[in-house]
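Have a look at the structure below, then the notes.
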Amino acid sequence: MMMLALATPAPSPAEEAYEREPINYWTTPLTDPVTRLKQDLERGDLQLDATTDLSWLRAVLAALRVPESSQVLVFSKTSLQRSRISPTSPRALYFNDEVYVGWVPGGGVELTAMDPAAGPVFYLLERPVPAVVHAAGQTAPGRPSMIRDQECLSCHAGPMTGNVPGLMIRSVYPDAQGNPILTAGTKLTGHHSPLEHRWGGWYVTGSHDPMRHLGNTLATETAQGAELDLEPGANASSLARYFDVSRYLLDQSDIVALMVMEHQVNLQTMMTQARYAVISALHREEAMRREMPDAGPSLGDSTRRIITHEAARLVKNMLFADEAALAPEGVSSTSAFAADFTRDAPRDRAGQSLKTLHLGSRLFKNRCSYLIHSPFFDALPGRLRDEISRLLREALAGGDAHSHASHLRPEEKNRLVQILRETKPDLAGAW
Numbered sequence: 010m011m012m013l014a015l016a017t018p019a020p021s022p023a024e025e026a027y028e029r030e031p032i033n034y035w036t037t038p039l040t041d042p043v044t045r046l047k048q049d050l051e052r053g054d055l056q057l058d059a060t061t062d063l064s065w066l067r068a069v070l071a072a073l074r075v076p077e078s079s080q081v082l083v084f085s086k087t088s089l090q091r092s093r094i095s096p097t098s099p100r101a102l103y104f105n106d107e108v109y110v111g112w113v114p115g116g117g118v119e120l121t122a123m124d125p126a127a128g129p130v131f132y133l134l135e136r137p138v139p140a141v142v143h144a145a146g147q148t149a150p151g152r153p154s155m156i157r158d159q160e161c162l163s164c165h166a167g168p169m170t171g172n173v174p175g176l177m178i179r180s181v182y183p184d185a186q187g188n189p190i191l192t193a194g195t196k197l198t199g200h201h202s203p204l205e206h207r208w209g210g211w212y213v214t215g216s217h218d219p220m221r222h223l224g225n226t227l228a229t230e231t232a233q234g235a236e237l238d239l240e241p242g243a244n245a246s247s248l249a250r251y252f253d254v255s256r257y258l259l260d261q262s263d264i265v266a267l268m269v270m271e272h273q274v275n276l277q278t279m280m281t282q283a284r285y286a287v288i289s290a291l292h293r294e295e296a297m298r299r300e301m302p303d304a305g306p307s308l309g310d311s312t313r314r315i316i317t318h319e320a321a322r323l324v325k326n327m328l329f330a331d332e333a334a335l336a337p338e339g340v341s342s343t344s345a346f347a348a349d350f351t352r353d354a355p356r357d358r359a360g361q362s363l364k365t366l367h368l369g370s371r372l373f374k375n376r377c378s379y380l381i382h383s384p385f386f387d388a389l390p391g392r393l394r395d396e397i398s399r400l401l402r403e404a405l406a407g408g409d410a411h412s413h414a415s416h417l418r419p420e421e422k423n424r425l426v427q428i429l430r431e432t433k434p435d436l437a438g439a440w
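According to my numbering, the sequence shown is numbered sequentially starting from 10.
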């Protein structure tokens with residue numbers, strides 16, 4: 010039987026706000042997909058092929074239902090296993106709606122899962138060592154080792170994520186070794202970012218004329234910061250000229266996968282911020298009402314303002330209100346990602362889905378985030394979900410007083426209302 014060791018490090022003495030009541034990041038019971046994988050391994054219900062690095066990676070992806078086609082590659086030294094990462098040994102990332110898998114040849118597998126209660130939870134899974142031969146000739150199977158990794162939070166719970174556990178996509182100016190040129194700065198990118206600001210330090214495959222991005226390119230430090238030539242790295246169909254692709258599952262770092270991941274990462278981090286803010290506000294209100302039962306409605310007003318503020322931020326992002334327009338020619342994929350991404354999407358009776366890709370002037374055909382169907386969204390505080398529902402209804406089927414959907418044509422609004430009514434009736438059934 011393959012066993013899995015899971016260790017949770019003790020919080021640091023100077024606890025962050027999210028480590029205390031009411032969030033209790035380290036002690037909240039977890040139900041995320043990686044926790045379920047751990048349980049399957051401990052029970053012996055699942056064994057992973059650890060024969061080679063790639064067989065181990067494939068087995069982890071399959072167990073977590075993460076498509077291999079989602080592979081994107083980053084070569085800047087901006088993550089936990091930075092000593093292993095370089096332009097000739099990039100870090101591979103894979104993802105589905107709930108899980109991210111990071112891997113560098115010869116290194117451990119980094120896992121991030123969106124837990125409905127805790128938000129992003131970070132793990133490091135080490136490939137098991139070979140079987141040990143005892144003196145009696147018997148063998149003992151190697152054991153994989155998984156820890157819930159606290160070190161990740163040094164970057165993933167700081168100013169870039171709003172000081173809560175979160176995810177982000179960074180664009181940097183990388184030198185020949187993959188080190189960010191710090192004097193040139195760094196950007197957090199998402200669907201709001203023009204293409205020319207994205208993916209510095211990343212590999213990118215796919216067509217995108219006449220637009221250009223910062224990927225596939227090394228920078229040279231200058232007195233003003235950095236300079237690089239965008240043309241040689243444009244419209245790559247394979248990455249074989251950059252490094253030994255046989256060490257990876259694919260020779261791709263698909264532009265469509267990158268764009269979807271950017272949107273997903275940003276919205277999930279915003280949902281985490283909103284969840285923590287609203288839960289904390291409700292907790293404060295409850296505590297203050299216990300202390301001052303006759304204080305009146307002002308405490309409730311403060312909580313309502315927080316709920317309305319967080320809901321408005323989420324709705325704006327969910328509806329892609331600040332999406333940077335693509336050139337009319339759009340982008341095209343170089344992998345099976347688009348088909349894998351849309352395969353199991355919830356659909357209305359007309360076959361319409363929030364995962365339907367546009368890839369022309371914008372990323373999605375129907376601009377309301379598919380993450381509205383995710384377990385993490387469903388676990389948001391009820392009062393926050395109710396306010397999101399109210400604002401979405403106002404934006405899509407009302408007067409749109411806050412201009413959250415002013416960028417959407419009436420026919421797109423009508424499609425969104427129909428899709429949400431039929432695929433998310435608990436949120437939009439009464440619209």
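Note that CB positions come from ideal geometry on N, CA and C, so glycine has one too. Quick caveat, the model's predicted, so the values are computed rather than measured.
Counting C-beta neighbours from all protein chains within 10 Å, is the total for residue i 16 or more, i.e. buried, or is it exposed?
| i | result |
| --- | --- |
| alanine 59 | buried |
| glutamine 48 | exposed |
| glycine 53 | exposed |
| proline 22 | Any reading at proline 22 needs caution, since the residue's pLDDT is 49, under 50, leaving its predicted position unreliable; the model's value is listed next. Exposed, since its Cβ has fewer than 16 Cβ neighbours within 10 Å. |
| threonine 97 | exposed |
| glutamine 194 | In the sequence under discussion, the amino acid at residue 194 is glycine, which differs from the glutamine named in the question. It is exposed - the Cβ of glycine 194 has fewer than 16 other Cβ atoms within 10 Å. |
| alanine 348 | exposed |
| arginine 418 | exposed |
| threonine 229 | exposed |
| valine 163 | Per the sequence shown, residue 163 should be read as serine rather than valine. Label assigned to serine 163: exposed. |
| histidine 222 | buried |
| alanine 235 | buried |
| threonine 231 | exposed |
Residue i: which of the options sits nearest, CA to CA?
| i | options | result |
| --- | --- | --- |
| alanine 166 | Glu160, Gly175, Leu259 | Gly175 |
| histidine 318 | Ala283, Asn105, Gly128, Met123 | Ala283 |
| threonine 121 | Leu372, Ser88, Gly115 | Ser88 |
| arginine 179 | Val173, Ala185, Leu191, Ser289 | Leu191 |
| methionine 327 | Arg358, Leu372, Asp41, Thr195 | Leu372 |
| alanine 439 | Glu403, Leu417, Met279 | Glu403 |
| leucine 425 | Ser398, Gly210, Ala245 | Ser398 |
| arginine 313 | Pro337, Val324, Val287, Leu335 | Val287 |
| valine 113 | Leu50, Ser262, Arg93, Phe104 | Arg93 |
| aspartate 158 | Val43, Pro337, Gly242 | Val43 |
| serine 415 | Pro434, Gln427, Phe329 | Phe329 |
| arginine 392 | Leu291, Gln261, Gln186 | Leu291 |
| leucine 380 | His367, Lys374, Gly224, Leu363 | Leu363 |
| valine 173 | Leu102, Tyr27, Tyr182 | Tyr27 |
| leucine 102 | Asp124, Ser311, Leu405, Val75 | Val75 |
| glutamate 338 | Met220, Glu420, Pro31, Ser202 | Met220 |
| aspartate 443 | Lys374, Gln361, Ala354, Ser344 | The structure shown does not extend to residue 443, since the chain spans only 10 to 440, so no value can be given for it. |
| alanine 41 | Val130, Ser64, Ile264, Pro99 | Reading the sequence as shown, one finds aspartate at residue 41 and not alanine. When each option's Cα is compared against that of aspartate 41, the closest is Val130. |
Where residue i and residue j are concerned, what is the direct C-alpha to C-alpha distance, given to the nearest angstrom?
| i | j | result |
| --- | --- | --- |
| tyrosine 109 | valine 340 | 24 angstroms |
| proline 384 | alanine 71 | 20 angstroms |
| threonine 17 | tryptophan 35 | At threonine 17, the pLDDT of 40 sits below 50, so the modelled position is not reliable; the number obtained from the coordinates is stated separately. In a straight line, the C-alpha of threonine 17 is about 8 angstroms away from that of tryptophan 35. |
| tyrosine 132 | aspartate 395 | 32 angstroms |
| alanine 249 | methionine 268 | 22 angstroms |
| isoleucine 315 | glycine 171 | 15 angstroms |
| alanine 149 | proline 137 | Here alanine 149 scores only 49 on pLDDT, less than 50, and its place in the model is too uncertain to base an answer on. |
| serine 95 | arginine 67 | 22 angstroms |
| serine 216 | tyrosine 285 | 39 angstroms |
| alanine 437 | glutamine 80 | 34 angstroms |
| alanine 266 | serine 246 | 14 angstroms |
| aspartate 106 | leucine 73 | 11 angstroms |
| threonine 432 | arginine 356 | 6 angstroms |
| aspartate 387 | serine 289 | 18 angstroms |
| histidine 200 | methionine 301 | 45 angstroms |
| glutamate 205 | glutamate 119 | 29 angstroms |
| valine 181 | valine 213 | 14 angstroms |
| glutamine 56 | serine 154 | 13 angstroms |
| leucine 227 | glycine 128 | 34 angstroms |
| leucine 239 | serine 78 | 25 angstroms |
| cysteine 161 | valine 83 | 17 angstroms |
| methionine 177 | phenylalanine 350 | 20 angstroms |
| isoleucine 156 | leucine 134 | 7 angstroms |
| glycine 224 | leucine 323 | 29 angstroms |
| leucine 405 | serine 85 | 41 angstroms |
| glutamate 295 | aspartate 310 | 13 angstroms |
| leucine 237 | glutamine 186 | 15 angstroms |
| tryptophan 208 | methionine 297 | 46 angstroms |
| alanine 354 | histidine 367 | 15 angstroms |
Can a CB atom of chain B be found closer than 9 angstroms to the CB of residue i?
| i | result |
| --- | --- |
| alanine 336 | Given the protein chain composition of this structure (a single chain), no chain B is represented. |
Can we count residue i as close to the ligand FAD, meaning its CB is less than 8 angstroms from some heavy atom?
| i | result |
| --- | --- |
| valine 75 | As for the ligand FAD, it is missing from this structure, which has no ligand bound. |
* Where in the segment 199-225 do unbroken runs of the alpha helix (DSSP H), each at least 4 residues long, occur, reported from the N-terminal end onward? -> none
* Inside the segment 16-73 only - alpha helix (DSSP H) runs reaching at least 4 residues -> Whole alpha helix (DSSP H) segments, 4+ residues: 42-52, 62-72.
* Asked: If you scan the segment 331-363 from start to end, which runs of the alpha helix (DSSP H) of 4 or more residues do you find wholly inside it?
  -> If you keep only unbroken alpha helix (DSSP H) runs of at least 4 residues inside the segment 331-363, you get 346-351.
* What are the uninterrupted segments assigned as beta strand (DSSP E) that are 3 or more residues long and contained completely in the segment 100-182, given in chain order? -> Scanning the segment 100-182 from its first residue to its last, the whole beta strand (DSSP E) runs of 3-plus residues come out as 100-104, 108-112, 118-124, 128-135, 154-157, 179-181.
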